[in-house]
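A.B. asks: Residues in the sequence shown are numbered consecutively from 790, following the numbering used here. Note that the Cβ used here is the ideal one computed from N, Cα and C, for glycine as well. Quick one: this structure, given as structure tokens, is what I'll be asking you about.
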Amino acid sequence: MKRTLLAAMVLLFAVTASAQEQDKNPEGPYLPLLGSHQGELLVARPGMPDVRFRQSVILLVDHSEKGAFGLIVNRVAQRIPLSALFRSFGIRAPREMSQVNIHYGGPVSPDTGFVLHTNEHKLKVIHDLGKNLAVSPVDEVLRAMARGKRPQNIVIVVGYAGWGAGQLESEMRRGDWYTAPAEPDILFDDDQESKWSRAMKRRFRLM
């Protein structure tokens with residue numbers, strides 16, 4: 790049930806990205822890794838040719854010679870009661886009346902959920918980005934919240950953006966992406982429409 794719920798939340802966003810991996814760069818060959826941008830933001834350039842990523846802001850969760858993995862942080866797919874999310878994972882929790890945004894994280898694996906969060910409670914994480922930032926499975930964070938250990942800031946995402954070895958480097962060389970610092974006021978702000986323009990103002994490097 791939880792997979793069905795998460796997949797339904799991003800159905801409208803996934804229509805143009807039904808494949809389980811992004812298109813290969815026809816210009817190849819791919820370039821070698823010149824420096825990791827893990828923990829930084831990727832900011833789509835104006836006029837990004839790939840319509841799936843126009844005006845997107847992506848947190849690079851992992852970036853190595855093997856490829857890259859990131860989460861789009863400025864596209865909300867749906868807003869739902871947090872209690873419904875608890876129920877979908879079969880987790881009992883105190884009655885929770887607040888609403889939570891479900892973000893479209895990217896075109897890959899649209900039935901897989903992640904939570905970007907501050908890590909003041911030292912939860913079990915799959916990616917520790919430092920600076921009190923981490924990425925964990927949705928159920929891990931929900932179980933922590935049920936125990937009264939809710940992170941101060943959370944972004945729930947479904948799906949992710951992925952690149953093969955050297956693919957992101959080629960796109961950056963082509964000028965498709967800027968990088969910018971991953972600052973909390975962009976990552977966790979509810980003003981989704983201004984995230985891209987604010988990140989553009991803070992861009993500091995183009996490969």
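1. Using 10 angstroms around the beta-carbon of residue 975, count the other beta-carbons present and answer buried if the total reaches 16, otherwise exposed.
2. Candidates 925, 900, 899, 902: which alpha carbon is nearest residue 911's?
3. When the cut-off is 8 Å and only beta carbons count, does residue 988 lie next to chain D?
4. Would you call residue 966 buried or exposed, if buried means 16 or more other Cβ atoms sit within 10 Å of its Cβ?
5. Assign residue 854 to one of two classes, buried (16 or more other C-beta atoms within 10 Å of its C-beta) or exposed (fewer than that).
6. Check residue 933 in the structure and name its three-state DSSP category.
7. Please name the residue in 992, 990, 984 whose C-alpha comes closest to that of residue 844.
8. Can you pull the DSSP bridge partners for residue 958?
9. Can you tell me the Cβ-Cβ gap for residue 905 and residue 828, rounded? I've got them flagged as a contact below 8 Å.
10. Which residue's Cα is closest to the Cα of residue 945: 834, 831, 870?
11. The alpha helix (DSSP H) with residue 875 in it runs from where to where?
12. What does the alpha-carbon distance come out to for the pair residue 1016 and residue 938?
13. Just the C-alpha distance for residue 907 and residue 993, rounded to the nearest angstrom, thanks.
14. Just to confirm the assignment, what range does the beta strand (DSSP E) spanning residue 861 have?
15. Taking buried to mean at least 16 other C-beta atoms within 10 Å of its own C-beta, is residue 846 buried or exposed?
C.D. replies: In short:
1. Translated into positions along the sequence shown, residue 975 becomes position 186. Residue 975 comes out buried.
2. Taking the first residue of the sequence shown as 1, we reach residue 911 at position 122. Closest option to residue 911, Cα to Cα, is 925.
3. As a matter of chain content, chain D is missing from the structure shown, which is built from one protein chain.
4. To locate residue 966, count along the sequence shown from 1; it is residue 177. Counting of Cβ neighbours within 10 angstroms places residue 966 among the buried residues, the total reaching 16 or more.
5. Counting from one through the sequence shown, the residue named residue 854 turns up at place 65. Classified as exposed, residue 854 has fewer than 16 neighbouring CB atoms from the shown chains inside 10 Å of its CB.
6. Within the sequence shown, numbered from 1, the residue matching residue 933 stands at position 144. When DSSP states are grouped into helix, strand and coil, residue 933 belongs to the helix group.
7. The residue given as residue 844 occupies position 55 in the sequence shown. Taking residue 844 as reference, the option from 992, 990, 984 with the minimal CA-CA separation is 984.
8. Stepping through the sequence shown from its first residue, residue 958 is reached at position 169. Paired residues: none, contrary to the question.
9. What you label residue 905 is simply residue 116 of the sequence shown in a count that begins at 1. What you label residue 828 is simply residue 39 of the sequence shown in a count that begins at 1. 11 Å between Cβ atoms; not a contact.
10. Taking the first residue of the sequence shown as 1, we reach residue 945 at position 156. Among 834, 831, 870, the Cα nearest to that of residue 945 belongs to 870.
11. Here the question's residue 875 lines up with position 86 in the sequence shown. Note, residue 875: alpha helix (DSSP H), 871-877.
12. Look at the range of the chain in this structure, 790 to 996, and you will see that residue 1016 is not part of it.
13. Within the sequence shown, the letter at position 118 stands for residue 907. Within the sequence shown, the letter at position 204 stands for residue 993. Going by the C-alpha atoms only, they are around 24 Å apart.
14. Reading the sequence shown from its first residue, position 72 is the one you call residue 861. Residue range 856-861 is occupied by the beta strand (DSSP E) that includes residue 861.
15. Translated into the one-based positions of the sequence shown, residue 846 becomes position 57. The residue is buried, with at least 16 neighbouring Cβ atoms inside 10 Å.
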